[in-house]
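Chains as they are written, first to last, in this note's numbering: chain A, 56 to 484; chain B, 30 to 814.
Idealized CB from N, CA, C, for every residue including glycine.
For reference, the structure is listed below as structure tokens.
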Amino acid sequence: MTTDPSAKRRAIPLGHFRVRLCREGAYYLGVCAFVLLGSILRDVNLLLVVACMMIGPFVLNGLAALAILRRLRLARMWPRSVESGYPWAAHYLIDNHSGRTAAWTLQIEDQLVSASTGRSWPVSAQRAYVPSRQSVDLPFTGPPLPRGLFRGGPLHVRTRFPFGLLAASAQAITSSSKVATSPSASSSPTTAACDLIVTPRLGQLGSQWTSWLQRAERTGRTGGNRNGRSEGEFHSMRDWRFGDPRKWIHWRTTARRNRLTVREWEVAQSHDLVVLLDLTRRGPSPAATVGDAEIERLISFTATVIARQCVRGGTRIGLGIAGQSVDWIVGSASPLVQDELLRRLAVAEPTPISTLPPLLSRLAGQIPADALVLLVAASEPSWPAGELPRLALQSVYVPVLSNEFATIFSLPNDATAPTPTALEARSIP
Amino acid sequence: MTIERGLQMSVALVAALGACLLSMEQQTTALALIVSVGAAASVYVTDMRGWVDLPRTFSNLVALVALVLTLAQITRIGDGSDLLALANLLVYLQVVLMFQKKAQRDYWQIIALSLLQVVVAAALNLSMLFGVLLGFYFFASLAAMVMLFLYRESRGAPAVPARVGGTPAGTDALATLPLANETAASTFGDDRQAAYSDCCWRVLTIGLQTLLITVFIFFALPRLRGDEELETSSGAIGTTGMSAEVTLDDLERVLENPETVMRVNLVDGKSGKPFEFLSEPYLHGTIVIDYHDNGHWRYQHDTTVQSLDEPPADTPYVRQDIVVEPGRHPFLFSIAPAYRVPNRTARPELGIEEFSHQVTIKDRERTEFPEAFAYSLTTTSLRSGVQDPYRAQPYRFSHSPDFEVCTEIDRDKFPQLCATAETVLSSASPGPRDRLTTCRQLEAHFLRSGEYKYTLGRSPDRRFEVDPIEDFVGNHKSGHCEYFASALALMLRSQGIPSRLVLGYKGGEYNEPGKYFIVRQLHAHAWVEAYLPKEEALAAGVPAKMARHGVWMRLDPTPAGNTPEWEMPGIAWLNSFNQWMDYSQVVWNQYVLGMNSDRQREAVYQPILDRVVHLGQQLLDPLAWESFLTSLAAQFGLSPDFVRKAMAWFVTAVVLIFVIGMGSVIQMIRYLHHRWRRSPHELSPEILQQIPYYLQFEALMRRVGFARLGHQTPLEWATAASRALADGGLSSELSHAPLQIVQAYYRVRYGHEWVDAPERARLLASVRELRHTLLRQRKKVAWPN
């Protein structure tokens, strides 16, 4: 039984009542007609009595089933957002207003309709018994869904009680605002009209992610004004590797060891983070296009990075999406902002033509000077000549789709993940 | 207890009751016993313990053998018992099914087989007990169907409360209810008791409602056949009562009908005191003399009706005050001979037939008495507490054509009857004998020989190829009074003695406080009158004045055991119960089995029509209203003049109320019509084609998060949208676009006007512009909550 009184208040009555003949009912009706016809033709009154006794349950089946539904109220208690690719738990609230009779064998048939593709996923749940004047929660496990916005389809309730000869069905008012959904912390204009937001699937960032990011930052950031400060505190000495800046070489130690040795700096953890997600379908080569799986991987990676950053907190985080529409949002890293950023990612759509330049134009002057900018894209972007040099210098391209990156970021049970190879961080030219 | 166990038990009960209903027709308890024991055993050994589980192949083989045996039985019988043989086959199949491990289909089959058995039984059975048992069967079937439904809903899916979705639309696999193979406790939790109660309450209420529906349909459904046709088709059962003619063998069973026919008060004509009867009175109805064929005594009423005479002046008489109950009475009844009451004017409609001296109504067409009909007669046959067995023949009988008829018998058709008469007479007195002795000896043969048995049912040993009287005397020797009287009459005719059958009533219940006899239909009786010529009448002690043309001597061969079957001396409550049962059977017989078009018209349609007409007349009768208002005014002390004035106001008020009522009805019809039109499919494809601008606008608003709410009209919604757009800084043209779109939509939807092409294009352009502004340019609009 539900304990949430507000949920009970949100339950709404049903409408559009229908009665349908079931297969068993058709057989029953056939036998009944046979007996009735025989009684009339042969003028046997006792047979007529039997036929009349058969008509009664048939008629009353429909009336009883309708009476059950007329006294029901229903609420769709879905979560505001769920994660893509996983089954999700939700429930329907059934409120039986009848003062005397219970509701039996209720079957709820619902649909999840993707707002973008129109594809639908059926959801059904059954309840054997709802006592009179009581409300019950009818839990169900939703199907794994792809990322996006979903609306609840027509919500039907059906019962064939007590004989299964006729099925009465009713439909909840189809407007999503009339079927209650579970309350959400906030809603954006793009997601207000939906019933369910499926956020990107979150993956795992391996332990090498931090060092990769440091290297990438060291190799990618060439702006002189950021040298030193962005490198953070001295951490340790190590052998030189290809790509290390020359200025990191600690000549005294090199001379002592007779090997090129560089200083390693610890990146300050309190840097603001800006993630720019480029959803252009253009691949590394002009002929290649990026598939849906790769796009989803990019988005999942972005969501994972955002989630990690928001869990850590203490900084500001920004998300720029260059997809079919250009979107930009920034805020302090927190679960609330994480929720909103993931919702933005939920509705992000790839674009055949890059919208990164408009995004960068929009971001001009809005990114903090010391923020770490991660550019998540299918391929290394070619920056427009002379445009936004500072932002370009701040950015680190994250090759999410590269094979070497597979050891850093992985999705659970991801068959489409690239084969891991040698890890290499490359800077944006 | 699991749902499945409940289903098994209820199905077994249905099977057992179905077999009981079938066995009632076959008048054997073996069938019911076998199925009942089998059903109970199957629940235990098959369903509960699993000890017996007939393989499908074996079951099919057994069913095949049963089919072959049944077909062989049908071929051998070759008469109306085919149906019963087929019903027995259903029983065999049912028993086989019960000892299998049952799936849903098996439960359905068992119930269906049981239903077919009941159908067969209903086609053949006629007793009221069948109806009672049918009621129990009906409730058991309802319970079984509910259990089967719950069982069926709970089968075929994993035991999880809900389905894990994920398949695209159209490949839905339903989840199970948490019922299958689980105890009710796990299904209903704490509500188990409430669930049981609710389920039982449902079955009970649906059962009672169904019975009401059954009664309504049964009596309202027009019948196709009338009295005559129905008698030939299903008249295998009847009730005791008076009829104009005698037809033996037409009824399988005759029931005691306690319906009151008349009340007879006997008063001594001289003293005026109640006449004390020491025996039972014989109330004459009619006389039949023509034995036609196959147990049929044909009645030919006398065309000459005379006025009633006064009793002989010097003969003491007893006055008989008779009140006949309302109903259909082909004759009037009296103790013969009947005379009018001296010094009193007789009812003018009364008369007496010339030949039979039967009291009758002069208007021969009048047989229906809507109200109680009372008449007074006198008789001279009551003396010293007994009724004289002789009745005077009013004219010279030996020269009458009826004489031949009264002695007519086809000896070839009645060899055993004639032989029996000869045997009886020769064994009683070998030598020559007079008519009186012959009559007495033959009467004694039926009364005292012990060979004959009185029964209201038709003998199972009846040979239908033989005349029923011949078969009665020579074969089964059991029957009711008409058999005995017919046999004696024909035996007398075989001996050359003119005889006739008298139909009437014998006895009655004497009401001590009222000093009258209550005569019921169950007192209907038949006896014999044998003609004695003058000489033999005189020898028998009949007064010479009475025996002038001979006399008719009453002979009653029916054994004394012809008391009603339900009378058990000393057990009053049982007698009362039996009497009620008997009466119920009569009602059942009349209003269920015997419901035909005529009876339906009399008992259902006509009373309803009469009441409606009467009510209408009362409502439209100004005098009735005036009388009502006058009496009402009198209670409040108002003058009649005030009432007359008020009457005008009253009529005006009635007219106003009528007009308002009609207006309300019209409004209600319009409202319902409107509600009906607002169904989800109200928009026809033609209209949908005409309003693309509105549909696009709706889609756009949904997309921007301002979908129309259920309680909003489109116009309210458009007004809110226009206001929000204007507040958002959109141009006046764009902010007014929603209103224009919805107004155009209204014209199409409710005004049945088509929007012309240029205007439609303009509206579509407005929608496009709105879309561009709101989606592409991302114009921020604060939509109202």
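Excluding the five sequence neighbours on either side, which residues of its own chain have a C-beta within less than 6 Å of the C-beta of residue i, listed in chain order?
i	result
G80 (chain A)	L220, L221
E404 (chain A)	G378, Q379
I438 (chain B)	L519, R522, S523
Y121 (chain B)	A95
Could you name the residues of the same chain whose beta carbon sits closer than 7 Å to that of residue i, not counting the 5 residues immediately before and after it, in chain order?
i	result
Y748 (chain B)	A small fix is needed here, since residue 748 (chain B) is Thr in this sequence, not Tyr. Closer than 7 Å at Cβ, skipping near neighbours: L768.
G298 (chain B)	P345, Y346, V347, R348, T407
C365 (chain A)	I372, A388, S389, P390, V392, Q393
A144 (chain A)	P194, T196
Output the boundary residues of the beta strand (DSSP E) element that contains residue i.
i	result
V178 (chain A)	175-185
V353 (chain B)	347-353
H313 (chain B)	311-317
I498 (chain B)	I498 (chain B) -> not in any beta strand (DSSP E); alpha helix (DSSP H) instead, spanning 497-500.
Q719 (chain B)	Counting along the chain, Q719 (chain B) falls outside any beta strand (DSSP E), though it belongs to the alpha helix (DSSP H) covering 714-719.
E535 (chain B)	As written in the sequence, residue 535 (chain B) is Lys, which differs from the Glu given in the question. Counting along the chain, the beta strand (DSSP E) containing K535 (chain B) begins and ends at 528-535.
P68 (chain A)	67-76
A427 (chain A)	Going by the sequence as given, residue 427 (chain A) is Leu instead of Ala. Taken as a continuous stretch (DSSP letters only), the beta strand (DSSP E) holding L427 (chain A) covers 427-431.
N458 (chain A)	Element bounds for N458 (chain A): n/a, residue is neither H nor E.
Hey, is residue i's beta-carbon within less than 9 Å of any beta-carbon in chain B?
i	result
P217 (chain A)	yes
Q263 (chain A)	no
T160 (chain A)	yes
L84 (chain A)	no
Check whether chain A comes within 9 Å of residue i, counting only Cβ atoms and requiring the distance to be less than that.
i	result
N154 (chain B)	yes
G533 (chain B)	no
L181 (chain B)	Here residue 181 (chain B) turns out to be Arg, not Leu, going by the sequence shown. Chain A, which has a Cβ nearer than 9 Å to the Cβ of R181 (chain B), makes this yes.
M691 (chain B)	no
L42 (chain B)	no
R252 (chain B)	yes
M38 (chain B)	no
F306 (chain B)	no
T147 (chain B)	Checking the displayed sequence, the identity of residue 147 (chain B) turns out to be Val instead of Thr. Cβ-Cβ to chain A under 9 Å: yes for V147 (chain B).
F178 (chain B)	yes
A224 (chain B)	yes
L144 (chain B)	yes
For the alpha helix (DSSP H) that contains residue i, what are its first and last residues?
i	result
V175 (chain B)	157-182
E433 (chain B)	430-435
A377 (chain A)	Per DSSP, A377 (chain A) belongs to no alpha helix (DSSP H); it is in the beta strand (DSSP E), 371-377.
F474 (chain B)	In the sequence on display, residue 474 (chain B) carries His and not Phe. Its alpha helix (DSSP H) spans residues 464-477.
H643 (chain B)	635-649
G111 (chain A)	100-125
R440 (chain B)	Per DSSP, R440 (chain B) belongs to no alpha helix (DSSP H) and is neither H nor E.
Is residue i near the ligand ZN, going by C-beta to nearest heavy atom under 8 Å?
i	result
P423 (chain B)	Because no ligand of any kind appears in the structure shown, any question about the ligand ZN cannot be addressed here.
Counting only the same chain and skipping the five closest in sequence on each side, list residues whose C-beta sits under 8 Å from that of residue i.
i	result
L293 (chain A)	In the sequence under discussion, the amino acid at residue 293 (chain A) is Arg, which differs from the Leu named in the question. Taken in chain order, the residues that qualify are T316, V317, E319.
Practice task
Could you run through the stretch 228-250 of chain B and flag, in chain order, every residue whose CB is less than 9 Å away from some CB of chain A?
Solution key: C228, W230, R231, V232, T234, I235, G236, Q238, T239, L240, L241, I242, T243, V244, F245, I246, F247, L250
Exercise for the section: Can you give me, in chain order, the residues of the stretch 99-112 of chain A that have a beta carbon less than 7 Å from any beta carbon in chain B? Expected result: V99, N100, L101, L102, L103, V104, V105, C107, M108, I110, G111, P112
Exercise for the section: Take every Cβ of the stretch 154-173 of chain B, pair it with every Cβ of the stretch 631-649 of chain B, and state whether three or more of those distances are shorter than 8 Å. Expected result: no
Exercise for the section: Check whether the stretch 235-252 of chain B touches the stretch 501-511 of chain B, taking contact to mean three or more Cβ pairs, one atom from each stretch, closer than 8 Å. Expected result: no
Exercise for the section: Would you check if there are 3 or more beta carbon pairs closer than 8 Å linking the stretch 564-584 of chain B to the stretch 411-429 of chain B? Expected result: yes
Practice task
Would you check if there are 3 or more beta carbon pairs closer than 8 Å linking the stretch 348-367 of chain B to the stretch 380-397 of chain B?
Solution key: yes
Practice task
Inspect the CB distances between the stretch 118-130 of chain A and the stretch 208-220 of chain A and report whether three or more fall short of 8 Å.
Solution key: yes
Problem - Against chain A: residues of the stretch 622-651 of chain B by CB proximity under 9 Å - result: L622, G623, M624, N625
Handout entry: Residues in the stretch 181-192 of chain A having any Cβ partner in chain B nearer than 7 Å
Key = Q181, A183, Y184, P186
Handout entry: the stretch 98-107 of chain A in contact with the stretch 161-175 of chain A per 3-pair CB rule at 8 Å
Key = no
Practice task
Mind checking the stretch 152-176 of chain B against chain A and listing, in chain order, the residues whose C-beta falls within less than 8 Å of any C-beta there?
Solution key: A152, N154, L155, F159, G160, L163, F167, L171, M174, V175
Practice task
Would you list, in chain order, the members of the stretch 114-133 of chain B that have their beta-carbon closer than 7 Å to a beta-carbon of chain A?
Solution key: none
Exercise for the section: Evaluate the contact criterion for the stretch 36-47 of chain B versus the stretch 67-77 of chain B: three or more CB pairs, one atom per stretch, below 8 Å. Expected result: yes
Exercise for the section: Could you please tell me which residues of the stretch 395-429 of chain A, in chain order, have their CB closer than 9 Å to any CB of chain B? Expected result: none
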